[in-house]
Ligand SMILES: [Zn+2]
């Protein structure tokens, strides 16, 4: 999957920001070893964090220089589905 790295980086940025995002507890990384894969914060029914990851990934895909070739259509459709699943409907 293309742009997976951007998706994961969004999580890293959000976890580092901690309290800047109300669904991430400030002690989320406390007591965890370096390299520990934390999963997602609990108590987030809409899964805002996963939503943000997929939105970032969608941005990345849609801004790719090869998007017009159609080579990313499958990836884009997949990620759009995930956004529908995880993002709060407006
Ligand atoms: Zn994710």
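Residue numbers (my numbering): 1 to 90. Ideal Cβ positions, reconstructed from N, Cα and C, are used throughout, including at glycine.
- One thing to note: residue 3 has its Cβ within 9 angstroms of the Cβ of residue 57.
- A distance of 9 angstroms or more separates the beta carbons of residue 82 and residue 49.
- Looking only at 1, 47, 37 and 32, the smallest Cα-Cα distance to residue 88 is reached by 47.
- When rounded, the separation of the alpha-carbon atoms in residue 77 and residue 60 is 13 angstroms.
- The three-state secondary structure of residue 64, taken from DSSP, is coil.
- A heavy atom of ligand 1 is found nearer than 8 angstroms to the CB of residue 54.
- Under the DSSP assignment, residue 14 falls in the alpha helix (DSSP H) whose first and last residues are 4-17.
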